[in-house]
Amino acid sequence: MPIYTRLTAQIVKVAVNQPVAICSSMWVKNNQNIHFMNLHVKKLEKLLLF
Numbered sequence: 001m002p003i004y005t006r007l008t009a010q011i012v013k014v015a016v017n018q019p020v021a022i023c024s025s026m027w028v029k030n031n032q033n034i035h036f037m038n039l040h041v042k043k044l045e046k047l048l049l050f
């Protein structure tokens with residue numbers, strides 16, 4: 001793979017990941033109770049597994 005192609009691929013990857021990271025961080029800020037939800041899901045998983 002030529003260096004130029006690799007660089008372009010990295011730039012594209014960063015460009016694609018940037019908005020996703022921003023969106024997810026905004027979403028987490030808007031949902032402060034997401035940690036509680038995760039704990040609840042883990043409890044449910046334990047109930048289902050055993």
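So for the sequence shown, the UniProt record's numbering puts the first residue at 1; every next one is plus one. All C-beta atoms, glycine included, are put in the ideal place defined by N, C-alpha and C. Model, not experiment: these values are computed from the prediction.
{"Query": "Measure the C-alpha to C-alpha separation of serine 24 and isoleucine 3 and round it to an integer number of angstroms.", "Result": "31 Å"}
{"Query": "Measure the alpha-carbon distance for threonine 5 versus valine 12 and round it to whole angstroms.", "Result": "11 Å"}
{"Query": "Go ahead and pull the three-state DSSP assignment for proline 19.", "Result": "helix"}
{"Query": "Residues in the same chain with beta-carbon distance under 6 Å from leucine 44, minus the five sequence neighbours each way, listed in chain order, please.", "Result": "none"}
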